[in-house]
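Remarks on the structure that follows.
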Amino acid sequence: MSIAEDWVDPASSENTELQNDFYYKKNELNNERRSLFSIEKVQLQFPVSIRCLAVENNILVMALTSDKLMIVDLERPEEIVDIELPKKALALGLTYKIFLDPSGRYIFVSTTAGDNCLFTPSRQSRVLTKLKGHTVESVVWKIGENNVLELLLASRSGVIIEIVLMLDTAHVKRLEKSMNTVYSFSESEVPLDMLLSSQEDSLKENLVVATNQRILKFTKGNNPSSDQHYFTPFLQGEINELYHISDDESVQCVSHSPYPQTSAEPYTIAIKTNKRIVYHDLMNETMSMIQEYQFIESPRLSVSTVEMNLLLTPFHIVVFDLDTIFFINRINQKEVYQQKVPLSPHEEILGLSCDHVKDTYWLYTTESLHELVVNNELGDVALVFLQKQEYIKALECANTPNVRNSVLDGYADHLMKIGDYEKAATFFAETLKSVEEVALSFIEIGQKDVLRQYLWKKVESYKASMKFQREVLVNWLLESLLGRLNDLDEEERLELFPDAIVEKRQQVLFEFSRLLAQYKDDINKELAYNLANNYGKEEQLLQIATVMKDQSYIMHYWVQRENYDKALETLNEGVDQESLIQHATALLTHRPMETVSIWERQTDMDVHALIPSLLSYNQRARVSVEENAAIRYLKFVTGVLGCEEPSIHNTLFCIYACHSSSNESYLMNYIEQQGEHPLYDMDLGIRLCLQFNCRRSAVKILVLLKLYSQGVELALEEKDYELAASVANIPEDDLALKKSLWQTITKAIFSSTENVKESIKFLEKSNVLPLTELIRLLPEEISLDDLRDNICDELESCREQIGQLGLQIEQATEVAEAVRTKSDDLKNRYVVLNHNEPCWHCHHLLFSEPFVLFPCQHAFHRQCMLKHRLSNVSEKDIAKECQLCGPSYTVRLLDEPFPDTF
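See the structure below:
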C-alpha cells in the first residue's frame with residue numbers, strides 16, 4: 001500500500017524468502033509462517049471517529065460519526081471524496097453498515113433505524129423508501145443490462161428481500177422499480193450473510209445464507225421463467241440445511257472468504273459463536289462435515305467485543321480479542337500467528353473488513369485504519385498440504401520455486417514408495433534434489449531405464465546457460481546408452497528373447513541419435529570418444545565424430561594407436577587447430593621433420609599454442625642445432641612469415657640457449673641479428689644465458705641495455721679480461737664511467753695475477769688510467785721494483801708536461817699585464833657634453849632621457865638605440881658599438897642611398 005507505513009511488532013520476525021526443503025526442516029517452516037502476516041498502519045487523518053467501513057475493488061468507504069462518507073481510491077489515495085449522508089436517512093438512527101458492489105462503484109448504506117440509501121457512481125444518493133424499517137445485514141448484487149440493478153437483501157427483520165432498481169441518472173428520484181419479500185424466516189431467526197456459489201462440474205448455482213441458527217443452501221431451479229428476476233429462482237428451488245447451531249451457542253459474527261482463484265482454494269463461509277468457529281467449504285460437495293475451530297488457549301475470545309471480529313482469507317481465519325489479533329490456518333486448524341495492535345489509550349477496535357475482489361484485509365479502530373498484509377499465503381499452505389500428503393493441492397498452491405521444489409520432492413518420494421517409478425522420475429526432474437542422490441535411488445532398485453528417463457527430463461529442464469550441468473548429464477546419458485547397448489549385446493549373445501532385443505536396440509539407438517542431434521554442443525568430445533572406445537563401440541564412435549563434425553577424429557584415432565604415418569597423412573589433409581595442437585607433441589617426438597614440413601604449409605596456425613610442444617620436443621630430442629625441428633620451424637615463422645611476437649622470439653632464444661653451453665655462436669649470431677631493439681625479452685634472455693652458462697651472450701645483452709658495469713663484472717667472473725676491456729671501452733662519451741670500469745678491471749687483474757708487468761702493459765692500453773692511478777690500485781704486497789722502467793717513463797712524461805705548463809703561465813702573465821695597462825688608460829679618458837647636446841637619432845635634448853655616450857663623441861637616447869638596433873643585436877648588447885660609426889652599422893650604410901643633403 002502506498003499510503004501505509006511499516007509497523008512490525010517486536011515479537012514478530014521479518015519476512016524472509018522460503019528456504020529449500022521445508023518438508024524436512026520444520027523450524028524453517030515455522031519461521032516462514034511467522035512472517036506470513038503483518039500489520040501496517042495507514043497514514044490517513046480522520047477529522048472524527050470511524051463508525052463502520054467497507055472496501056471492494058480497492059475502493060474504501062468509511063462512515064464517520066459526523067454522518068459523512070469518506071471515499072478513498074486506494075490506487076490514488078491522495079484523491080479523497082467526502083459525501084454527506086441524506087438527512088432523511090439519518091433522522092432517527094446511526095449508520096449501521098456499508099455495502100459495495102464488486103466494482104466498488106455503488107454504495108449501499110443501512111442505518112440502525114431501518115433507513116437505507118443508495119449512492120450511484122456519480123455519487124448521487126437516493127433514499128429507498130420501500131425498504132423503510134429494514135436494517136440490512138448483507139447484500140448480493142446483480143448489475144444487469146439496460147441499467148437494471150437487482151439487489152438481494154438480508155434484513156434483521158428475518159426476511160430476504162429482492163429489490164429491482166432502474167439506474168436512470170437523469171431521474172434519480174424514480175429509482176425503485178419493484179420490491180418483493182422472497183423468503184421469510186421464523187420469528188427468532190435472522191439472516192446474517194449471503195453469497196452465491198457455483199460448482200465447476202455443474203451448471204447449478206447456489207445461494208448460501210447464514211443465519212443466527214443455521215447455514216442454508218438454496219439451489220437455483222432448473223427452468224426459471226423468463227419474466228422472473230434473477231434472485232427469485234434461488235428462493236423457489238431446493239433448500240438444504242448444511243449446518244444447525246446448537247441451542248447453547250450464540251452467533252457473534254459471520255464472514256466468507258474471497259472467491260477462489262485456484263481449485264485448491266476453498267470457498268468458505270464461517271460462523272463465530274461464543275464457543276467456536278464453524279466453517280464449511282462451499283465448493284466441495286463431498287465434504288459434508290462442517291469443520292470447526294475451538295478456542296483453547298484464550299477463553300476471552302468467547303466474549304463478543306465488537307460486531308465484525310471475524311475475517312476469512314483464502315486459507316486462514318482472522319479473529320481478534322480486545323487488542324490482540326489471531327491468525328488460524330483452516331487446513332490444519334493451527335494458530336500460526338498472533339500480534340497486538342498498537343492502540344492509543346482511548347482507542348478501540350471497531351471491526352474487520354475484506355476486499356473480496358483484490359484480496360486485501362483491513363482493521364479499523366475509532367481513530368485509525370490498518371491493513372492486514374498477507375505474505376505468500378499460497379506458499380505456506382502448499383507446505384501444509386504437503387504435510388497432509390495432499391500433493392495435487394500442494395502443487396496448485398506452490399507459487400515460488402523453493403516451495404514447489406519441496407512439494408515436488410515430497411510427491412516424488414511418495415511415488416517411489418508406492419512403486420510409480422516413471423512418474424516419480426518426472427517429478428524428481430523438476431526438483432533441486434541432487435542428481436546423484438536421485439540416480440542412486442533408481443540404481444539401488446535396478447531401474448536403469450527409469451534412471452535414463454529421469455536424466456532425459458533433467459537435462460531438458462536445464463537452460464542453455466547451465467553449460468556445466470548440461471554437459472555432465474548429457475555425457476552421463478551417453479554412457480548410459482552405450483552401456484545399455486552392451487547389455488543388449490550380451491542378451492543377444494545368450495539368445496534371450498531376440499525379437500524384444502531388436503525392438504529395444506532400435507529404441508536405444510533412436511535415443512542415441514536424438515541425444516547427439518539435440519545436445520551435440522554439450523557433449524565432451526574427449527570423454528565421448530573415451531566412452532565409446534571403452535565400450536568397444538566403433539560405430540557409435542564414428543557417429544559421434546560425424547555429428548560433431550570433428551574432422552580430427554581420424555588423426556586422434558591413429559595417434560592413440562601410435563600409427564604416426566597415418567596420423568601425418570590425416571594432418572596433411574587438414575585438421576582443426578585444436579586437434580593439431582593436441583597431437584603436436586606426439587608427432588614432433590616421433591616424426592619431427594615431417595611434421596614441421598606440413599606445418600610450414602599451414603601458415604594460419606596458432607604458433608603460440610605450439611610453444612609447449614616445441615619446448616617439450618627440444619627437451620627430449622638429442623640432436624644438433626642444424627637437425628633441431630623446433631629451431632627450423634621457429635626460424636621459418638620469424639624469418640619467412642615475419643612474426644614479431646615476443647613470445648615466439650623468447651622461445652627461439654630459449655632453445656638457442658639450451659644448445660649454447662658449449663658453442664655460443666648460434667646464440668651470438670641471433671643476438672647480433674636482433675640488434676639494439678630486439679623482439680625477445682632482454683631480461684628473460686639474460687636469465688636464460690646465466691642458466692645455461694652463456695656468459696658472452698649475457699654480456700652482449702647487458703651492453704645493449706647499457707648496463708656496462710654489470711657487463712664488466714660478468715666478464716670478470718669468467719676472467720675474460722679482453723671481453724671486460726672491450727665493454728669498458730664502449731662508453732666513449734662518459735669518461736667518468738669509463739674510468740670507473742677500468743678501475744674495476746684493474747682491481748680484478750691485480751687480485752688474480754702475479755705478472756704485474758704484463759698486467760700494467762695490458763691496462764695501459766685503456767689510455768684512461770695513468771700510471772699513478774695504477775700504482776695506487778696495486779695491492780700492498782706487490783713490490784715496485786718490477787715497475788722501475790714504467791715509473792721512469794711516467795716521470796719523463798710528467799717533466800714534459802711541467803715544461804709546457806710553464807710556457808702557458810708566462811703567456812698568461814703577459815696577457816694580464818696588457819689588460820691592466822689598458823685599464824689604467826681608460827681611467828683617464830672623459831668626454832665633455834654641452835647642456836643642449838642633442839640625440840644623434842631624434843635630435844631632441846640628450847639629457848631629457850636616459851642616454852648612451854660612446855668614445856667617438858656620438859650620444860643616443862637608449863630608447864632611440866633600441867628602435868634603430870640591428871635584428872641580430874640583443875637589448876643588452878646595444879652599448880657595445882656606436883650605431884653611426886661602429887663596424888656593423890657602417891657596413892649596413894653601403895646598402896642605403898645617399899641622403900638628400902648630400
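For the sequence shown, full-length UniProt numbering assigns the number 902 to the last residue and increments by one with no breaks.
Note that beta-carbon positions come from the ideal geometry of N, C-alpha and C, so glycine has one too.
query                                                                                                                                                                 : result
For the region 77-84 against the region 403-421, are there 3 or more C-beta pairs whose distance is under 8 Å?                                                        : no
For the region 469-487 and the region 452-461, state whether three or more C-beta atom pairs, one from each stretch, are separated by less than 8 Å.                  : yes
What separation, rounded to the nearest whole angstrom, lies between the Cα atoms of R620 and Q691?                                                                   : 18 Å
Can you look up F847 in the DSSP assignment and give me helix, strand or coil?                                                                                        : helix
In terms of alpha-carbon separation, which member of L488, A567 and E503 lies closest to Y535?                                                                        : L488
For a test of your reading of the model: does the CB of S888 fall under 7 Å from any non-hydrogen atom of the ligand SAM? Yes or no.                                  : The ligand SAM is absent from the structure shown, which contains no ligands of any kind.
Looking at the unbroken beta strand (DSSP E) that takes in R214, where does it start and where does it end?                                                           : R214 to T219
With DSSP run on the structure shown, which of helix, strand or coil describes W840?                                                                                  : coil
When you compare only the Cα positions, how much space is there between Y391 and V72?                                                                                 : 42 Å
Have a look at the DSSP bridge pairing and note the partners of N375.                                                                                                 : Paired residues: none, contrary to the question.
Assess contact between the region 536-547 and the region 561-579, defined as three or more Cβ pairs (one per stretch) separated by less than 8 Å. Is contact present? : no
Can you tell me which of L167, K177 and N212 puts its alpha carbon nearest to the alpha carbon of E189?                                                               : N212
Apart from the five residues just before and just after C882, which ones in its own chain have a Cβ nearer than 6 Å to its Cβ?                                        : F854, C856 and H858
Within 10 Å of its beta-carbon, does A812 have 16 or more other beta-carbons around it, so buried, or fewer, so exposed?                                              : exposed
Which residues in the same chain as Y183 place their Cβ atom closer than 6 Å to its Cβ, once the five residues preceding and following it in sequence are excluded?   : I160 and L235
Taking DSSP as the reference, what is the three-state secondary structure of T546?                                                                                    : helix
What residues match up with Q291 in a beta bridge as DSSP calls it?                                                                                                   : Y279
Residue range of the beta strand (DSSP E) that L833 falls in?                                                                                                         : From DSSP, L833 is part of no beta strand (DSSP E); its letter is neither H nor E.
Hey, which unbroken runs of the beta strand (DSSP E) at 3 residues or more fall wholly within the region 225-277?                                                     : 239-244, 251-256 and 268-273
Relative to the alpha-carbon of P121, which residue among H583, L866, P102 and S597 has its alpha-carbon at the smallest distance?                                    : P102
Tell me the start and end of each unbroken alpha helix (DSSP H) in the region 546-600 that is at least 4 residues and wholly inside, in chain order.                  : 553-560, 564-573, 577-582 and 584-590
Report yes or no: do the region 337-349 and the region 318-325 share at least 3 C-beta pairs separated by less than 8 Å?                                              : yes
Mark G639 as exposed unless 16 or more other C-beta atoms lie within 10 angstroms of its C-beta, in which case mark it buried.                                        : exposed
On the CB-based measure, 16 or more other CB atoms within 10 Å of its CB, does N284 come out buried or exposed?                                                       : exposed
Return the bridge partner residues of F99 from the DSSP annotation.                                                                                                   : F108
With a cut-off of 8 Å, do at least 3 Cβ pairs link the region 364-384 to the region 31-51?                                                                            : yes
Inspect the beta-carbon positions of G711 and V699 and report whether they are closer than 8 Å.                                                                       : yes
Let me know the secondary structure DSSP gives S480 once reduced to three states.                                                                                     : helix
Put Y454 into one of helix, strand or coil per three-state DSSP.                                                                                                      : helix
Roughly how many angstroms separate the alpha carbons of I598 and I544, rounded to a whole number?                                                                    : 27 Å
Since G410 is in the alpha helix (DSSP H), which residue starts that stretch and which ends it?                                                                       : P401 to I418
Who are the near neighbours of S2 in its chain, counting only those whose CB is closer than 7 Å to its CB and skipping five residues on each side?                    : Bear in mind that the predicted position of S2 carries a pLDDT of just 30, short of 50, making it unreliable; the figure below should be weighed with that in mind. Cβ within range, chain order: P77.
Please give the ranges of any beta strand (DSSP E) in the region 308-388, keeping only runs that are unbroken, at least 3 residues long and fully inside the region.  : 310-312, 316-321, 324-329, 334-340, 349-355, 360-365 and 369-374
Got a sec? Which residues, its chain only, sit under 6 Å from N486 by beta carbon, not counting five neighbours each side?                                            : Y535
Leaving out the 5 sequence neighbours to the left and right, which residues in its chain are closer than 7 Å to Y564 when beta-carbon positions are compared?         : L587, H590 and R591
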